[in-house]
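Colleague:
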Amino acid sequence: MKRILIIEDEQVIVEVEKDYLEASGFEVEVATSGDVGLKKAVEEPYDLIILDLMLPNTDGYEICKQVREVKNIPILMVSAKKEEIDKIRGLGLGADDYMTKPFSVGELVARVKAHLARYERLTGDQGAKPKDEVRIRGIRIDKLSRKVYVNETEVSFTSKEFDLLLFLALHPNRVFSKDELFEKIWGMDSMGDNATVTVFISKLREKIESDPSKPQYIETIWGVGYRLNL
Ligand code: CA
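Okay, here's the thing in structure tokens:
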């Protein structure tokens, strides 16, 4: 059974979320303050975290940042204010999705399921697959630990950067449009648009290319999209 941690200080929201998620077959734990939530998120095994932004003691920004340093599990951030959501997106803390309150719990459950499925697909079936590494010339991607090595030096990637690189590496020499990549990595339901893809492609280039202005790995196919060359 998948375990979900809800970090949320509004009791009414906690109850509704918990009820719906449990009814959908998830095991749910709750933390109603930031410091307790952070401790649980870091120390205990969860498959996904639903993280409120404004919390007593430690806020959602800090929790997201600290969890990301040690875990790649999906994080869904929720906030009462649209402006706050824009701000956290801009900070690039590594959350996988954002929702503005009030949201429909049905939508929350749908997003939870989508993120769990995507995460499972990208990390692979643990233990079942002998091949958990993808190599493209000097790049080595470890799917299980979600680590990337460029010329055998580990380079840190955010969750979405990793997902995008892995997806391209699993389909080398194929051209994908920005729309296709956005849908594959962020999902149709996510906020944002395909300009996000452009931003992430340049982040990937900074990390894997020796000269990002003359990319050897990720090639831009003008008017079409991007391709990772073998
Ligand atoms: Ca709150």
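Positions in the sequence shown are counted from 1; adding 27 to them yields the working numbering.
All C-beta atoms, glycine included, are put in the ideal place defined by N, C-alpha and C.
Please read these numbers as outputs of a predicted model, since none were measured by experiment.
#1: Please go through the same chain and pick out, in chain order, the residues whose beta-carbon is closer than 7 Å to the beta-carbon of residue 55, but skip the five residues on each side of it.
#2: Does the beta-carbon of residue 248 have 16 or more other beta-carbons within 10 angstroms, so that it is buried, or is it exposed?
#3: Count the other C-beta atoms from every protein chain shown that fall within 10 angstroms of the C-beta of residue 97, then say buried if there are 16 or more, exposed otherwise.
#4: Report the option in 235, 206 and 238 whose CA atom is closest to the CA atom of residue 225.
#5: For a test of your reading of the model: does the CB of residue 147 fall under 7 Å from any non-hydrogen atom of ligand 1? Yes or no.
#6: Below 7 Å, is the gap between the Cβ of residue 82 and the nearest heavy atom of ligand 1?
#7: Since residue 55 is in the beta strand (DSSP E), which residue starts that stretch and which ends it?
#8: Is residue 194 helix, strand or coil by DSSP?
#9: Between residue 76 and residue 181, what straight-line distance do the alpha-carbon atoms span, to the nearest angstrom?
#10: For residue 170, report the span of its alpha helix (DSSP H) as first-last.
#11: Counting Cβ pairs, one atom from each stretch, are 3 or more of them under 8 Å apart for the stretch 117 to 125 and the stretch 81 to 96?
#12: Should residue 79 go down as buried or exposed, given a rule of 16 or more other Cβ atoms within 10 Å for buried?
#13: For ligand 1, is there any heavy atom lying closer than 7 Å to the beta carbon of residue 14?
#14: Taking C-alpha atoms, which residue in 250, 52 and 231 lies nearest to residue 143?
#15: Please classify residue 251: does DSSP put it in a helix, a strand, or coil?
Modeller: Walking through what the data contain:
#1: 31, 33, 45, 48 and 49
#2: exposed
#3: exposed
#4: 206
#5: no
#6: yes
#7: 54 to 58
#8: helix
#9: 26 Å
#10: First-last for residue 170: undefined, no H or E at that position.
#11: yes
#12: buried
#13: The question about residue 14 has no answer here: the residues shown for the chain are numbered 28 through 257.
#14: 52
#15: coil
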